[in-house]
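If you use this note's numbering, the sequence shown closes out at 403, no skipped numbers anywhere. We treat Cβ as the ideally placed atom computed from N, Cα and C, and that holds for glycine. In what follows, a single structure is set out as structure tokens and then discussed.
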Amino acid sequence: MAHGIKKVSPHVHSRVIELGKFLNPTVAPLIFTAYRKTLSVQPKLVSLLYRTQYNKSLNGFTKLALHRIFYTQTAQVIAQLRPDIVICTHPFPNAVISRLKRQGLKIPLYTLITDYDVHGTWINPEVNRYLVSTPQVKGMLEDRGVPSSQIQITGIPVHPDFWENGDKVKLREEMGLRNMPTALLMGGGWGLSFDEEHMKALASWADRVQLVFCLGSNQKMIDRMKEIPCFQHQNIRILGYTREVSKLMDVSDVLITKPGGMTCTEAMAKGLPMLFIPPHPGQEEENCEYFVQAGHGRIIDSADVITNCFQELCDEQQKQGTTTPRRNDQTEQTAAYDPTLCAQAVHDLLFPATTEVTAPSLERFKAGITARPLSGTRLPL
Numbered sequence: 023m024a025h026g027i028k029k030v031s032p033h034v035h036s037r038v039i040e041l042g043k044f045l046n047p048t049v050a051p052l053i054f055t056a057y058r059k060t061l062s063v064q065p066k067l068v069s070l071l072y073r074t075q076y077n078k079s080l081n082g083f084t085k086l087a088l089h090r091i092f093y094t095q096t097a098q099v100i101a102q103l104r105p106d107i108v109i110c111t112h113p114f115p116n117a118v119i120s121r122l123k124r125q126g127l128k129i130p131l132y133t134l135i136t137d138y139d140v141h142g143t144w145i146n147p148e149v150n151r152y153l154v155s156t157p158q159v160k161g162m163l164e165d166r167g168v169p170s171s172q173i174q175i176t177g178i179p180v181h182p183d184f185w186e187n188g189d190k191v192k193l194r195e196e197m198g199l200r201n202m203p204t205a206l207l208m209g210g211g212w213g214l215s216f217d218e219e220h221m222k223a224l225a226s227w228a229d230r231v232q233l234v235f236c237l238g239s240n241q242k243m244i245d246r247m248k249e250i251p252c253f254q255h256q257n258i259r260i261l262g263y264t265r266e267v268s269k270l271m272d273v274s275d276v277l278i279t280k281p282g283g284m285t286c287t288e289a290m291a292k293g294l295p296m297l298f299i300p301p302h303p304g305q306e307e308e309n310c311e312y313f314v315q316a317g318h319g320r321i322i323d324s325a326d327v328i329t330n331c332f333q334e335l336c337d338e339q340q341k342q343g344t345t346t347p348r349r350n351d352q353t354e355q356t357a358a359y360d361p362t363l364c365a366q367a368v369h370d371l372l373f374p375a376t377t378e379v380t381a382p383s384l385e386r387f388k389a390g391i392t393a394r395p396l397s398g399t400r401l402p403l
């Protein structure tokens with residue numbers, strides 16, 4: 023979001039703050055670890071909690087805990103930065119800022135929902151406007167009593183690197199990749215969660231399909247995969263954390279990933295077809311349902327899905343020659359998605375055309391300090 027705002031409005035200053043890491047670096051990793059362990063060991067419990075609380079806001083105990091952990095520090099940060107607006111991208115900072123507004127904070131609060139579903143924890147009466155991904159999400163908010171005038175459909179923002187496509191053949195050469203059908207496999211910061219059958223199915227295609235694995239911070243999986251003979255192949259690239267995801271999407275013909283809202287939106291912006299690893303309970307399930315129904319991808323419910331997709335890529339290469347151009351079968355939803363829209367919407371909220379600019383605000387505008395949004399963080403998908 024911050025980079026997109028900067029590209030649309032170079033004069034706007036944005037400050038991104040991850041609420042947990044910045045304001046309470048001791049507690050945040052503990053929450054992260056507990057959530058990850060529960061998701062791995064008891065996924066049904068996570069699903070049950072998500073569903074039973076689906077239409078409810080954060081309970082009193084959670085709000086009290088957030089108040090104790092973050093309230094004072096957040097108030098101090100806002101007092102120091104003096105932002106013109108605050109944009110929250112997760113329910114927790116959203117709740118903290120809402121409490122500050124109840125205590126007298128006059129800064130507008132905008133909530134950017136970074137998934138294709140709306141859990142009740144997103145909703146607070148102090149929110150001035152919701153920025154949402156689709157008309158369906160807008161309808162979900164309206165069903166929960168949020169006025170239509172407070173909801174704006176902007177799509178989920180992605181980094182400007184994803185606003186345009188790069189030259190596939192040229193980038194493959196630059197990255198030392200062969201010019202052949204290519205599959206990009208991403209699993210977020212935790213790495214992939216494939217079973218042995220699926221992993222063998224992937225490796226069996228290495229002679230015909232180039233495989234690029236992005237395993238994030240999952241160093242154990244990186245080391246383990248590099249030791250497996252079937253993955254020691256010239257057409258298999260195993261990567262850890264990388265800042266070149268945009269380029270990797272450009273060189274690829276299909277993305278195999280968990281259905282996280284941000285990654286899938288980036289792929290949609292690139293027009294990249296997707297195969298989805300069976301989702302974790304909660305928002306991943308809703309994201310997956312949206313993208314599948316919209317025609318952007320398929321769920322890998324068996325190894326045959328991988329086989330059929332890779333065979334299609336090889337058949338397409340044979341028809342087209344040595345290059346494998348991206349498919350041109352985007353749905354209306356993909357074609358309608360404008361990755362610049364959300365950044366432009368924030369600009370318009372800061373500088374509405376009908377608002378008269380006063381002398382003091384004009385001076386601040388010229389000084390380049392007109393807006394310094396404070397952004398919350400999302401829990402890992």
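Assumed close pair residue i, residue j - CB separation to whole angstroms, cut-off 8 Å
i, j, result
"residue 231", "residue 332", "5 Å"
"residue 124", "residue 145", "Residue 124 to residue 145, Cβ: 15 Å. No contact."
"residue 135", "residue 152", "6 Å"
"residue 159", "residue 140", "6 Å"
"residue 237", "residue 261", "7 Å"
"residue 118", "residue 93", "6 Å"
"residue 202", "residue 339", "7 Å"
"residue 185", "residue 361", "5 Å"
"residue 292", "residue 187", "6 Å"
"residue 223", "residue 253", "With 8 Å as the limit, residue 223 and residue 253 do not qualify as a contact, their Cβ atoms being about 13 Å apart."
"residue 176", "residue 363", "5 Å"
Through-space distance from residue j to residue i, alpha-carbon basis
i, j, result
"residue 443", "residue 26", "In the structure displayed, the chain extends from 23 to 403; residue 443 sits before or after that span and is not available."
"residue 287", "residue 23", "13 Å"
"residue 379", "residue 174", "Note that residue 379 has pLDDT 38, beneath the 50 cutoff, so the model's placement of it is unreliable and the number below is only indicative. If you take the alpha carbons of residue 379 and residue 174, they lie about 24 Å apart."
"residue 290", "residue 366", "19 Å"
"residue 341", "residue 334", "11 Å"
"residue 228", "residue 279", "18 Å"
"residue 38", "residue 32", "16 Å"
"residue 368", "residue 171", "16 Å"
"residue 35", "residue 28", "7 Å"
"residue 169", "residue 163", "8 Å"
"residue 155", "residue 251", "43 Å"
"residue 221", "residue 337", "22 Å"
"residue 257", "residue 239", "22 Å"
"residue 189", "residue 264", "19 Å"
"residue 266", "residue 218", "28 Å"
"residue 328", "residue 30", "39 Å"
"residue 241", "residue 114", "29 Å"
"residue 105", "residue 126", "15 Å"
"residue 243", "residue 259", "14 Å"
"residue 282", "residue 122", "30 Å"
"residue 40", "residue 326", "40 Å"
"residue 204", "residue 277", "9 Å"
"residue 285", "residue 142", "23 Å"
"residue 150", "residue 199", "48 Å"
"residue 318", "residue 120", "35 Å"
"residue 161", "residue 330", "36 Å"
Boundaries of the beta strand (DSSP E) in which residue i is found, first to last residue
i, result
"residue 132", "131 to 134"
"residue 154", "151 to 154"
"residue 319", "319 to 321"
"residue 109", "108 to 110"
"residue 175", "173 to 175"
"residue 277", "276 to 279"
Residue span of the alpha helix (DSSP H) that contains residue i, given as start and end
i, result
"residue 340", "325 to 342"
"residue 312", "305 to 315"
"residue 298", "Careful: residue 298 lies outside any alpha helix (DSSP H), inside the beta strand (DSSP E) at 296 to 298."
"residue 34", "Here residue 34 belongs to no alpha helix (DSSP H), and DSSP marks it neither H nor E."
"residue 407", "With the chain represented from 23 up to 403, any question about residue 407 goes unanswered, as that position is not in the structure."
"residue 161", "157 to 165"
"residue 115", "113 to 124"
"residue 269", "267 to 273"
"residue 370", "363 to 372"
"residue 100", "94 to 103"
Any chain D beta carbon closer than 8 Å to residue i
i, result
"residue 370", "As a matter of chain content, chain D is missing from the structure shown, which is built from one protein chain."
Any non-hydrogen atom of the ligand GDP closer than 7 Å to residue i Cβ
i, result
"residue 273", "With respect to the ligand GDP, the structure offers nothing, as it holds no ligand at all."
Quiz item: Is the region 264 to 274 touching the region 183 to 195 in the sense that three or more CB pairs, one from each, lie closer than 8 Å?
Solution: yes
Practice problem: Would you be able to state if there are at least three C-beta pairs under 8 Å between the region 126 to 135 and the region 96 to 111? | Solution: yes
Quiz prompt | Uninterrupted beta strand (DSSP E) stretches inside the region 190 to 257 (no shorter than 3 residues) | solution = 204 to 208, 232 to 236
Quiz item: Taking one C-beta from the region 289 to 298 and one from the region 318 to 328 each time, how about it: are there three or more such pairs within less than 8 Å?
Solution: yes
Quiz prompt | Segment contact flag, the region 95 to 102 with the region 247 to 255, C-beta cutoff 8 Å, min 3 pairs | solution = no
Quiz item: Is the region 310 to 320 in contact with the region 202 to 209, if contact means three or more CB pairs nearer than 8 Å?
Solution: no
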